[in-house]
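In the UniProt record's numbering, the protein residues as written are 1 to 121.
First up is the structure itself, then whatever we jot down about it.
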């Protein structure tokens, strides 16, 4: 979603080389003036947030949880998802970032505990 794509773009864009990026979902890459030679194959995160919201509405899931990766590149899909769901009066029971590399079992047990508590409500 970010670092890998950015490294390639930094090399190819100054030379006007069209770059096909399968993982460029971060919404920052939607700026075609800033990234004129980037061909994205992944939908932007703002579109993904809307699509997930549509699924929640379709299945009538008014309460949900968001557990997202919080490592490497700053992602923004959770921000778009929360904005979209809030507009439809849907409620996130918990919003929990998980580091990219978790080597502490206590940390993951804490996340699982929060999910279990949210499910009981």
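All C-beta atoms in this analysis are idealised placements derived from N, C-alpha and C, irrespective of residue type, glycine included.
In this text, all values refer to a predicted model and were calculated from it rather than measured experimentally.
Buried versus exposed call for residue i [16 or more other C-beta atoms within 10 Å across all chains shown]
i: residue 53; result: buried
i: residue 62; result: exposed
i: residue 10; result: exposed
i: residue 5; result: buried
i: residue 32; result: exposed
i: residue 77; result: buried
i: residue 74; result: Any reading at residue 74 is ruled out, since the residue's pLDDT is 49, under 50, leaving its predicted position unreliable.
i: residue 80; result: buried
i: residue 44; result: buried
Residue-level contact to chain B via CB, residue i, 7 angstroms cutoff
i: residue 59; result: No chain B is part of this structure, which consists of one protein chain only.
Segment limits, beta strand (DSSP E) that includes residue i
i: residue 65; result: 63-69
Residue i: first and last residue of the uninterrupted alpha helix (DSSP H) it sits in
i: residue 151; result: Nothing can be reported for residue 151: it is not among the residues displayed for the chain, which extend from 1 to 121.
Close-in-space but distant-in-sequence residues of the same chain around residue i (CB under 8 angstroms, 5 per side omitted)
i: residue 35; result: 9, 13 and 29
i: residue 39; result: 18, 19, 20 and 21
i: residue 90; result: 53, 56, 57, 61, 62, 63 and 64
Own chain, CB closer than 7 angstroms to residue i, minus 5 neighbours either side, in chain order
i: residue 42; result: 22, 23, 24 and 25
i: residue 46; result: 27 and 80
Spatial neighbours of residue i in its chain, beta-carbon cut-off 6 angstroms, leaving aside the 5 residues before and after
i: residue 94; result: 65, 114 and 118
Which residue spans inside the UniProt domain "Receptor ligand binding region" (4-91) form an unbroken beta strand (DSSP E) run of at least 3? 19-21, 38-40 and 63-69
How do the region 55-69 and the region 21-31 stand: do at least 3 beta-carbon pairs fall below 8 angstroms, yes or no? no
Could you check whether the region 108-121 touches the region 83-90, counting it as contact only if at least three pairs of C-beta atoms, one from each stretch, sit closer than 8 angstroms? no
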